[in-house]
Every structure is written in structure tokens, then in C-alpha cells.
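Protein chains in written order, with our numbering: chain A, 33 to 336; chain B, 79 to 297; chain C, 3 to 242.
Data block below; observations after.
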């Protein structure tokens, strides 16, 4: 009886371990000699779609890929980058400089990319070519709110009494977000309320529980709901073209073929493409992996 | 809220059966590993507490405090040691099982009547054999009861690890919530399947206990 | 580690963290309200039917089934689902979604312990009371409830402790959440936020133990001294 139990226990433990191992490996490309490329993403849909696009294209070309998607905010991901646990991430130029490295973000994209290259080279990572498309932080109000209060620009919020800005928890202390707004527009009347997920901010904004919400400029929901993105003449939100950031040892192992493949994808990602891809996930409830596959097929990176 | 979309979109479920299957496996593996490791750790702690009774109070006291730490805070505290991700989530989950399991193993083993122990000694059982063939079988219903609570609790907690990019079925809960037009189907699928998984594992453990100790019913 | 503890103490004693809508007093009130309202509602909803069913010895399997099903449904899922269904109807997102999830969390232990408390009253006490001519209503209020009170209150205590420790979950996906705000903000800021997250966790633990202490003191007033001598295992709460 009891030896049977012990065997049963051992067997179930093995089963668990096997199941764990099964969920670990995700690559299905041709086996290649060289390091597995760990592709990561931040915790919002666009980042997951972009990571999937690059990951699937790499897999198709035979590179071994492992995914670590939806990992978290930049503040959580940077320690992982520094520790060398991530080989590839689609980054956003401005936020990466300001939030990731604590540097100033120049207004011109080229300059910002150069500065980011220097910063990432210290971590043993290379910044590849930026996408033409851009996704900046935007601060939106509802259409009726904009009309009633005559607000078109962030500076217009100054004279309105207490205004509540809903943003993710990390927004409060970021110079590209709440802290920057108070600073650069002198908005002493702006109060911050932490609302972690964008969808919850949209609901709170519609319900009138908050006055201003932080969203991304490439979220089609802004147009859908008739929200007004406030102008930002004092550049609190820096330029945010997307740059694939790749570990140096991955580039050393796979060379120009890998870089060319990634660059050729990046060149096609315009702001309109981002709006379209986001719409399919956020409004139509398609899955990021499927949306990425369809786009890659449409653009000839994957055979259909 | 989402106009033309049905409240529950079966089409999405059928289109994504493969992903759902993957997440179920991930959920099971994560739960199994956490409870398995928790069982090993708790066995050692309970053994120490049985050997040195004075340790029982401090062990369960510390376990009780760890038990009230919200999981998100636990992830942050572990981050400098193990980073963000699988190991981090696993350690947090294991921590939550230790109090329940240690208590029940200790209570089960120490609850074996002294007469039974003496009778076994009288029959010439050595301590090791006495443990495996007398004490453990008698303690089993109490231990399995703790295992059931720990397992069901962990299945629920796995969903929260979605904020670390893991989450098993909890991924669907967060993902459905994350879309700017909410997708309730995904949330319901994640929550309901997680509940079903917990129920099935609970019944499975109950059945296991009935097989292993047929001389008494479930406690 | 000692450095971190020092920083956490410094954070907790920093005067600027004790004022305003994000200060510790305001968050304490928010946290307590989010814990006490759903737990009270669960007591109001679960105790009467559990007492009646146990008194009539109806559906003995129900007590176990309720607690098992209740434990299996993830609070995280209920929270997200109630957010999605309630907020568009105009319910305040800071209160109602977490309140519903916490109510669901509190219900099973209250129901199950109440059922067990009443069903566990020795039969001879009940029979003796009936023999003395007490009505069924009097049997419940004068015998079963007082004698079962420790077990019943143990259920409320389990629920309360779980709920206090779970309030922070609300902050994970949306807003509110009492001390959860500190934990979530700390979490989202990575290394820079570790002190704040740790401080939030300490506050949750302190509040949990404080609420438990107050509850046990209050319990002494409610439980008759004769019944109090029956010892019981102290429950522990589940954090989420």
C-alpha cells in the first residue's frame, strides 16, 4: 500500500515537472545554432502585438525564440534588461530615455535615437532603426468637457479648479506624465488618481469620475469615443518612435541577416499601421498573436 | 458598452481553444509545482516542529504573518532576489501553502494516539517503519484536508500572477480587462475555468484520500 | 535587508505621508470601509439562512459545498467581471467592483461556520430546551445561537481577515484599494518603489492584526462566559 503511495507521489511529481517543461518551450522555428532570443514586451496590447510581429518573423527565419510577454511596466523591465535576461524588446524612444535611463529626451527623433544608442550600449544592447510610426502619451478629455470648458491644450486646464488626472501608478512620479504636467504647465490644481489599466481609465473618464485620462495616441478608442487629445506645446510627452533593442551577443551570433530582417519590418510600421493593429485587438477582440501573423502574411514575411 | 458584440462570444472560445488549452496546462503546472514544493518545505518544517515542539509556535506565527502579505507586495519583495517572472511567482505561491500544510501535517502526526504508537513499538516496529506504516496513514486524512485547501487556494492565486506576465487562466481575466473595449467573454472564461480546475483538483485529492485510507471517510 | 527596514520605517514616519487624500489616515479609512462594508453585508445575507437551515437540519451537504465553491472562484476574476458589468451602469469604480468581489470572498466562511455552529450544538441541549417548552424561535435565540456563537464568530473572523488582506487587489487593475495604492505604485516603479510597496504591505499586516484584535475583544462581550471556555483553533486569513 505505502510503497504504492510513494510511487504514485513520485509519478505525479514527474508529471508536474513534465507539464511545466511543456509550457516552457515556445519556439517552433527551424533549429539554429546560436543563442535563444528572449523577446519581451510591456504590459499593454500594442507592445504585445509588436513583440509578436518580430518574434514570429524571427521564428519563420529559423531563429530560436522564447517569449516573455506582458511582463510589466518599464520600471520592472529595466532591471531584467540590466541583468541580461531579455534579448529583444520593442522600446519607445522617449520613455526609454526619460523613464528607463533618467535622461532628457530631445525633441528631434534622430537625436533622441542617438542618445538612446549610447545609453543602451552600456547595457550591452544595440538600438536598431526606429519605425516611422509613433505612439506618444496623450492626455485626453471627453468631447463635452472640452467644449464646456473651452479646453484644447494642456495649459488650458490651469484655471479650472480641481482637475483629476487618471493614469497608471507609475505616471505620478514620471517627468513625462503627471509630475511633468504639474511642472511644465504650472498645474497646481491637477490631482493624480492611480488607475492601473487603460480600459478602467476610459470607463472612469466616461463616467465623469475623472476629468483627464492618460492614453496612447495610437489607441483607436480615442476617436471612437470622441475624446479630445489635449495639445502639448511644452513637450511633456517626448517623441515615441518604436525602436527594436537587441542584445549585442545575439547580433554577434547571427549577424547582418538578423538586423536586416528586423529593420525591414520596422520600416513598414507607420502610425496608421499601429492604429489598425491596435483596433483589431482592442476593439475587435482579436488575439495579438493572430493579428501579428495576419500582418506578417499581408506583408510577405510569412507564407500564408 | 460594446454595442453589437454578444455578452458571451462562443466564437472567440472556439477560435482560441489551443491558447485556452495552453493556459490550462500552465495553470496546472504552476499549481502542481507550488503545492509540490510547498509540501516538501512544510514536511521539513513540520518534522522540525514535531522533533522540537517549541518551534511550532514561531513557525506558525511567522507563517501567519507571511500569509497576510498581499501577493503583489510579495512579488516586489522578491524582485531584488529573483527578478520578475516565474521564480518570483512560484516562491510567492509556495509561501502561501506553507502555513496551511505545516499546521495540518503537524496536527495530523501529533494527533496519532500514544497507545497506537506504543502498540506499534510493542510489535517491534522501528521508528522509520512505524512512521511510514502507522503514523502517516493515520494522519493522512488531516494532511489531505490541508492539501485540498492549499491546492484550491493556490489555483485562485495563480490568476493574480498575470500581473507578472504569467497567470495561467488568470491571463484571460487581465487580458479581457485590458482591452480598451472590455471583452467580458475572456474574463468569464478565465474565472470560470479556474474555478472548475480548483473544483476538479479538490475532488481528485478527496478521491485519492478515500483510496489511500479506505477505513475512514473524508473529514 | 536592515537598510530596507530602516527606509520603510523612515517612510512610515515621514510626516508628508500622513496628510492629504493619499495619506495614511485617508487610506486607512478607505481600506477599513472597503473591508467592513462587504463583510457586514455577507453576515447580514449569510447568517439568517444558515441558522435556519442548520436548525431544521436541512441540506447538510450545503455547508461544505458553499465553502468549496466559494474558495474555488478566484477573487481576481470576480473583481474584473464586476468592474466590467457595474461601472458602465454608473457605479463608482472605487467602491462597487471591489465590494462585490470581497462580499463573495466573505460569504463562504460566514455561511459554513454559521451552519456548523448551529448544527454542532449538542442535541441533548436542544431536546432539553424543547422539553422545557421553549418555542422553536426561542430554541434558536436562547440555546443554539449563544452556544454556537464562538464557531459562528470564528467564521466572521476568517472572513474579515481575508477581506482586509484582499482589499489591495482592487488597486491592481483599477483604483481605490486602500493601502493597495502604495503597494501597486511601489510595484509599478520597480526598484525605486520597493520601500513604498514594503510599507504598504506592513500597513496591511498591521491593519489585519489590529482588526483581528478589536474583533476578539468585541467577541468577549458577545459570547457568554460559560460558552467561552470551549477552546477553538484560531483562524488565519488568506491574502490575495
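A virtual CB, placed ideally from N, CA and C, is assigned to each residue, including glycine.
Expressed to the nearest angstrom, what Euclidean distance is found between the alpha-carbon atoms of residue i and residue j?
i	j	result
residue 220 (chain C)	residue 251 (chain A)	53 Å
residue 237 (chain B)	residue 203 (chain B)	46 Å
residue 65 (chain A)	residue 203 (chain C)	46 Å
residue 98 (chain C)	residue 91 (chain A)	45 Å
residue 291 (chain A)	residue 278 (chain A)	9 Å
residue 235 (chain B)	residue 276 (chain B)	11 Å
residue 88 (chain A)	residue 309 (chain A)	15 Å
residue 133 (chain B)	residue 141 (chain B)	12 Å
residue 199 (chain A)	residue 256 (chain B)	14 Å
residue 26 (chain B)	residue 152 (chain B)	Outside the displayed range of chain B (79 to 297) lies residue 26 (chain B), so it cannot be described from this structure.
residue 115 (chain C)	residue 50 (chain C)	12 Å
residue 69 (chain C)	residue 92 (chain C)	31 Å
residue 119 (chain C)	residue 220 (chain B)	20 Å
residue 107 (chain A)	residue 157 (chain B)	12 Å
residue 123 (chain B)	residue 186 (chain B)	14 Å
residue 116 (chain B)	residue 179 (chain B)	8 Å
residue 305 (chain A)	residue 166 (chain B)	36 Å
residue 102 (chain C)	residue 87 (chain C)	11 Å
residue 169 (chain C)	residue 283 (chain A)	46 Å
residue 319 (chain A)	residue 11 (chain C)	45 Å
residue 179 (chain A)	residue 193 (chain A)	16 Å
residue 228 (chain B)	residue 113 (chain B)	7 Å
residue 144 (chain C)	residue 112 (chain C)	20 Å
residue 110 (chain C)	residue 254 (chain B)	27 Å
residue 125 (chain B)	residue 137 (chain B)	12 Å
residue 113 (chain A)	residue 263 (chain B)	35 Å
residue 299 (chain A)	residue 162 (chain B)	32 Å
residue 144 (chain B)	residue 211 (chain B)	34 Å
May I ask you to list the residues that DSSP assigns as paired with residue i?
i	result
residue 198 (chain C)	Looking at the DSSP assignment, residue 198 (chain C) forms no beta bridge with any residue, so it has no partner.
residue 105 (chain C)	Bridge partners of residue 105 (chain C): none, in fact.
residue 157 (chain A)	A:279
residue 100 (chain A)	A:72
residue 198 (chain A)	A:225 and A:245
residue 261 (chain A)	A:172
residue 166 (chain A)	A:273
residue 120 (chain A)	A:71 and A:278
residue 185 (chain A)	A:263
Apply the 10 Å Cβ neighbour rule to residue i and answer buried if 16 or more other Cβ atoms are within range, or exposed otherwise.
i	result
residue 126 (chain C)	exposed
residue 66 (chain C)	exposed
residue 255 (chain A)	exposed
residue 167 (chain A)	buried
residue 129 (chain B)	exposed
residue 60 (chain A)	Caution is warranted here: a pLDDT of 44 is assigned to residue 60 (chain A), below 50, making its placement in the model unreliable, and the coordinate value is therefore given only provisionally. Exposed, because fewer than 16 other Cβ atoms sit within 10 Å of the Cβ of residue 60 (chain A).
residue 135 (chain B)	exposed
residue 120 (chain B)	buried
residue 196 (chain B)	exposed
residue 104 (chain C)	buried
residue 20 (chain C)	exposed
residue 329 (chain A)	exposed
What distance in whole Å lies between the Cβ atoms of residue j and residue i, which are believed to be in contact at a cut-off of 8 Å?
i	j	result
residue 301 (chain A)	residue 333 (chain A)	Incorrect: roughly 12 Å between the Cβ atoms, too far for contact.
residue 280 (chain B)	residue 230 (chain B)	5 Å
residue 203 (chain A)	residue 246 (chain A)	6 Å
residue 168 (chain B)	residue 222 (chain B)	23 Å between Cβ atoms; not a contact.
residue 248 (chain A)	residue 170 (chain A)	7 Å
residue 147 (chain A)	residue 138 (chain A)	7 Å
residue 232 (chain A)	residue 85 (chain C)	7 Å
residue 280 (chain A)	residue 157 (chain A)	6 Å
residue 175 (chain A)	residue 258 (chain A)	4 Å
residue 190 (chain A)	residue 95 (chain C)	That pair is no contact at about 27 Å.
Checklist entry - Is the stretch 77–84 of chain C close to the stretch 265–282 of chain B, with three or more CB pairs under 8 Å? => result yes
Checklist entry - Should the stretch 30–49 of chain C be regarded as contacting the stretch 226–243 of chain B, the criterion being three or more beta carbon pairs within less than 8 Å? => result No contact exists between the stretch 30–49 of chain C and the stretch 226–243 of chain B.
Next on the checklist: Three Cβ pairs or more, each shorter than 8 Å: is that satisfied between the stretch 165–183 of chain B and the stretch 195–210 of chain B?
Outcome noted: Result no; under three Cβ-Cβ pairs closer than 8 Å.
Item to check | Any 3 or more C-beta pairs closer than 8 Å across the stretch 204–213 of chain C and the stretch 179–189 of chain C | outcome: yes
Next on the checklist: Measuring CB atoms only, is the stretch 125–139 of chain C touching the stretch 152–170 of chain C, in the sense that at least three cross pairs come out at less than 8 Å?
Outcome noted: no
Checklist entry - Touch check for the stretch 321–332 of chain A and the stretch 76–86 of chain A: three-plus C-beta pairs under 8 Å? => result As far as the Cβ criterion goes, the stretch 321–332 of chain A touches the stretch 76–86 of chain A, which means the pair count is three or higher.
Next on the checklist: Three or more C-beta pairs under 8 Å: does that hold for the stretch 117–124 of chain A against the stretch 264–280 of chain A?
Outcome noted: Taking a contact to require three or more Cβ pairs closer than 8 Å, the stretch 117–124 of chain A and the stretch 264–280 of chain A qualify as touching.
Checklist entry - When the Cβ atoms of the stretch 127–137 of chain A are set against those of the stretch 91–104 of chain A, are three or more pairs found closer than 8 Å? => result The stretch 127–137 of chain A, when compared against the stretch 91–104 of chain A, does not touch it at the 8 Å Cβ threshold.
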